[in-house]
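K.L.:
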Amino acid sequence: MKDKLAAALIEAIEEAGFPRPEADPLDLVDLSRDRKFGDWSSNAAFHLAKAARKNPREVASKLAEGVSRRIGAEKAEIAGAGFLNLRLPRKAWHQELWRAYAQGDRVGHTETLAGRRVLLEFVSANPTGPLHVGHGRNAAIGDALGRALAEAGAEVRTEYYVNDVGGQMETLCASVAKALGVAEAKGMAQREDGEMYAGEYVDSLAEVLKGEPSMARRIDELRGADLPWPSFVDQVSPFLAGRMLEAIRHDLADFRVGFHSWFHESRLKAEGKIEGTIEKLKERGLAYENEGALWFRSTQFGDEKDRVLVRETGAPTYFASDAAYHALKAAGGWDALINIWGADHHGYIPRVRGALAALDADPRRLDVILVQMVSLLRDGQRVEMSKRKGTYVTLREILDEVGPDVARFFYLMREPSSHLDFDLDLARTQSEKNPVYYVQYAHARVASLMAHAGEKGLVLNEAEPRHLETLQLEEELELIRQATYFPWVVAGAARAREPHRIPFYLIELVRLFHQYYNLQRIVTEDRAASLGRLVLCRVFGTVVRRGLDLIGVSAPDKM
RNA sequence: GCGCCUGUAGCUCAAUUGGACAGAGCGUUGGCCUCCGGAGCCAAAGGUUCCCGGUUCAAAUCCGGGCAGGCGCACCA
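With our numbering applied, the first sequence closes on residue 920, and no number is skipped along the way.
Dropping the structure here:
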């Protein structure tokens, strides 16, 4: 309904001779925040007032008739400084409910972003260790955003970028070598303990490596100095990366997160994309040599300093491959490249945008969502985490402790830009006070309600639009308004890249349902009225189930 | 020192991206099951939106200056 109102508003604006506002039409109208203002409110007059050089109330009064004629409003009035408040006949809401009912599982779908192609990259953790709680947040946000974008009509591809080559992989090899008791080898750079990866997984990687005959041979050769260190790294790191990636995929699968594609940095290397990118930058005079290294003039694109592309050693930096990777993505014809990064990478944005600009891509298409840090609270205490010491808490531990439903809901209970204190005690021991159960409970309640109705001989298939006419309580109408608003919550979350809006919406919606349920008996002797209420409950239940699905949380029929 | 993020009820967080009297959960206090699931509902109390200025019809939101916390400032990723 929101899209029809927005369209009607635009038509009325043109009819009245006002210039079309810059704002997206969908942002000009919303459900009224208070029912005394009617069903829908528009702030369009405020947007138009300046250009029209009229006061907002006057502008609103010129729009009122045109809008209400188009949407069949029962009442239109100007309020406050220039709000246009519209009230629709109840019949319109009954129709809206029936439409939602007929849509079934497609109830959240819109064509808001139809035709938009989005490449969404997230998690992209190095395969040098297991995923930790921070990656969990990134995964929860990225996966939910991907689903919301798709539900809003966009074409979405989710991608995991795998840094399976480079310095960090070599460090992993060194850490494993150390676990195997190889302290020194030909051509091996000495590392302090603090520069090594630590933790049980390093030891188990070492065990696995030993157990693989071809790998065990490499270890022996390394020990006997028959195999120089760089060759050892070349041969062993793909194996280690493969093993780590397997573990990462497994954790993600249990977290209900999947990707359309896994892009390996080694592929860029193998296909010569990195050299190609560097050459292009050189040709354009955007790369220069200094102190034995090759630098990218990122300062020309607003970065605070130039960045190294090729080290003094001749090895390209991570940034060089990232520039190549982003250039490749940009060449794919996507309307938006969304990256979800940990906030500690914020300083990285200008140079990547710079690389895109330098390589003929529009840097504005890169949309980076920075996810702030996660702190873990146990017994009210902050759990200290250190990757180097191997004392960080893994996503696996969270999953084992609270399960994917609670974990995903908690991760989405804050907007990405806020720091997250993940309270394990709240998530676990006070589980009955947990918002995720509050929402799931409502879904189970509807399921049980439907079963009860069936026992009484009430079958939803027999419901007809006329049965909805019995829905006259203000509580019923409010539930209709909010439940049928679901697709616009999803579209809003997708447009703003703010998937956290979905759980918040669900909590509010569920509250309305519980209130209504306590007030009004659903299944009564009045068959027509019961069917009307059951349709309302069915739509509500479907919205909850679809909403939970978008954030990767299950919707059980029994709890 | 510079950059990014954050600061809202006792606690954890929202607020349609500049909109109408700032809203929820937890916690506190007091109520509600003969009846479709009480993991629920109702009511009460709780606010200088960190502070000071500014911009305008309108500021929690934007700008400037402070204060506090987090994260960055590599030829690591």
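Note that the Cβ used here is the ideal one computed from N, Cα and C, for glycine as well.
Please read all numbers here as calculations on a predicted model, not as lab measurements.
Is it true that the CB of residue 450 sits closer than 8 Å to the CB of residue 435?
P.N.:
Yes, the pair counts as a contact, with Cβ atoms nearer than the cut-off.
K.L.:
Given residue 709, which residues of its chain have a CB within under 6 Å of its CB, disregarding the five upstream and five downstream residues?
P.N.:
None.
K.L.:
Under 8 Å, with one C-beta from each stretch per pair, do the segment 538-554 and the segment 581-599 reach the 3-pair mark?
P.N.:
Short answer: they touch.
K.L.:
Can you tell me the Cα-Cα spacing of residue 603 and residue 629, whole angstroms?
P.N.:
Looking at the two C-alpha atoms, the distance is approximately 17 Å.
K.L.:
Per DSSP, residue 703 forms a beta bridge with which residues?
P.N.:
Answer by DSSP bridge pairing, in chain order: 732.
K.L.:
Residue range of the alpha helix (DSSP H) that residue 377 falls in?
P.N.:
No alpha helix (DSSP H) holds residue 377; DSSP gives it neither H nor E.
K.L.:
Give the secondary structure of residue 921 by DSSP, where H, G and I count as helix, E and B as strand, and everything else as coil.
P.N.:
Outside the modelled stretch of the chain, which goes from 362 to 920, sits residue 921, for which no answer is possible.
K.L.:
Give me, in chain order, the residues of the same chain whose beta-carbon lies closer than 7 Å to that of residue 664; leave out the 5 immediate sequence neighbours on both sides.
P.N.:
Closer than 7 Å at Cβ, skipping near neighbours: 711, 712, 715.
K.L.:
Measure the C-alpha to C-alpha separation of residue 488 and residue 525 and round it to an integer number of angstroms.
P.N.:
The straight-line gap from Cα to Cα measures roughly 6 Å.
K.L.:
Can you tell me where the beta strand (DSSP E) holding residue 519 begins and where it ends?
P.N.:
Segment 516-523, the beta strand (DSSP E) holding residue 519.
K.L.:
Which ranges does the beta strand (DSSP E) cover as unbroken runs of at least 3 residues, wholly within the segment 751-831, from first to last along the chain?
P.N.:
Runs found: 781-784.
K.L.:
According to DSSP, what are the bridge partners of residue 924?
P.N.:
What the structure shows of the chain is the stretch from 362 to 920, and residue 924 is not part of that stretch, so it cannot be assessed.
K.L.:
For the segment 431-498, list the beta strand (DSSP E) runs that are entirely contained and at least 3 residues long, ordered along the chain.
P.N.:
Listed in chain order, they are 436-440, 444-448, 478-482.
K.L.:
Quick one: give me the first and last residue of the beta strand (DSSP E) that residue 670 is part of.
P.N.:
Element bounds for residue 670: 668-671.
K.L.:
Return helix, strand or coil for residue 620, following the three-state DSSP convention.
P.N.:
Coil, per DSSP.
K.L.:
Sorted by chain position, which residues of the same chain lie with C-beta nearer than 8 Å to residue 599's C-beta, five sequence neighbours on each side aside?
P.N.:
If we look at residue 599 and ignore the five residues flanking it on each side, its Cβ neighbours are 525, 627.
K.L.:
Could you name the residues that DSSP lists as bridge partners for residue 391?
P.N.:
DSSP output for residue 391 lists 402 as bridge partner(s).
K.L.:
Keeping to the same chain, check which residues put their C-beta closer than 6 Å to that of residue 386; ignore five residues upstream and five downstream.
P.N.:
367, 371.
K.L.:
Excluding five sequence neighbours on each side, which residues of the same chain lie with their C-beta closer than 8 Å to the C-beta of residue 442?
P.N.:
Within the same chain, residue 442 has close Cβ partners 407, 417, 418.
K.L.:
From residue 911 to residue 766, what does the alpha carbon distance come to, in whole angstroms?
P.N.:
Straight-line Cα distance between these residues: approximately 12 Å.
K.L.:
Residue 574: buried (16+ other C-beta within 10 angstroms of its C-beta) or exposed?
P.N.:
Residue 574 is exposed by the Cβ-count criterion.
K.L.:
Specify, as a first and last residue, the run of the alpha helix (DSSP H) that residue 876 falls within.
P.N.:
862-880 is the extent of the alpha helix (DSSP H) around residue 876.
K.L.:
Apart from the five residues on each side of it in sequence, which residues of its chain come closer than 7 Å, Cβ to Cβ, to residue 495?
P.N.:
So the qualifying residues of the chain are 703, 734, 735.
K.L.:
Buried or exposed for residue 700, going by 16 or more other Cβ atoms inside 10 Å?
P.N.:
So residue 700 counts as buried.
K.L.:
Note down, in chain order, each residue of its chain lying with its Cβ closer than 6 Å to the Cβ of residue 624, except the 5 sequence neighbours on either side.
P.N.:
These residues qualify, in order along the chain: 520, 522.
K.L.:
With DSSP as the reference, label residue 742 as helix, strand or coil.
P.N.:
Residue 742: strand per DSSP, three-state reduction.
K.L.:
So, under 8 Å CB-CB, residue 706 and residue 775 are touching, yes? Tell me the CB distance rounded to an integer number of Å.
P.N.:
Rounded, the Cβ-Cβ distance is 19 Å, inconsistent with contact.
K.L.:
Measure the beta-carbon distance from residue 660 to residue 670 and round it to whole angstroms, keeping in mind my assumption that it falls under 8 Å.
P.N.:
The pair is not a contact, with the Cβ atoms about 14 Å apart (cut-off 8 Å).
K.L.:
Quick check: what's the CA-CA separation for residue 914 versus residue 787?
P.N.:
The straight-line gap from Cα to Cα measures roughly 18 Å.
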